[in-house]
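A.B. asks: Take 19 as the starting number for the sequence shown in this note's numbering and just add one per residue. C-beta atoms are modelled at their ideal positions from N, C-alpha and C, and glycine is treated no differently. Note that the structure is a prediction, hence the values are computed from the model and not measured.
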Amino acid sequence: YKNGMSKYILRKILYKYVPRELIERPKQGFNVPLGEWLKGGLYPLVMNYLNEDKLKREGIFNPGVVSSSIKDFMNGSINVNKIWFLLMFEMWKEKWL
19 YKNGMSKYIL RKILYKYVPR ELIERPKQGF NVPLGEWLKG GLYPLVMNYL NEDKLKREGI
79 FNPGVVSSSI KDFMNGSINV NKIWFLLMFE MWKEKWL
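#1: Using DSSP with H/G/I as helix, E/B as strand and the rest coil, what is Val50?
#2: Are there 16 or more other CB atoms within 10 angstroms of the CB of Leu115, so buried, or fewer, so exposed?
#3: Should Leu118 go down as buried or exposed, given a rule of 16 or more other Cβ atoms within 10 Å for buried?
#4: Could you pull out every residue in the same chain whose Cβ sits closer than 8 Å to the Cβ of Glu70, ignoring the five residues on either side in sequence?
#5: Quick check: is the beta carbon of Phe79 nearer than 8 Å to any beta carbon in chain C?
Okay, here's the thing in structure tokens:
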């Protein structure tokens, strides 16, 4: 930190190689293709953690509602976040509880 600039040394080096506009622009977020991943390569993971039999045994979530949500997600009717949150909770629960 020097002269009000964070990462002073890094920025000083970067100015030699990268245009100033890129270094000094505001930070930007980015999205990952979560929906594509969950419909593609991660689909077996979704089905492993969110299958009806497993959910019935655990008794936390309504298996019918979860299955319906997965079908709606696969058809493009609902947002990926609902499935992602359910999946992350189930994975967290398995690891920590």
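C.D. replies: Taking the definition as stated:
#1: Under the three-state reduction of DSSP output, Val50 falls in the coil class, being neither helix nor strand.
#2: Residue environment analysis places Leu115 among the exposed positions, since fewer than 16 neighbouring C-beta atoms fall within 10 angstroms of its C-beta.
#3: Residue numbering for the chain in the displayed model covers 19 to 115; residue 118 lies beyond these limits and cannot be assessed.
#4: Around Glu70: Pro81, Gly82, Val84 and Ser85.
#5: The displayed structure is made up of one protein chain only, and chain C is not part of it.
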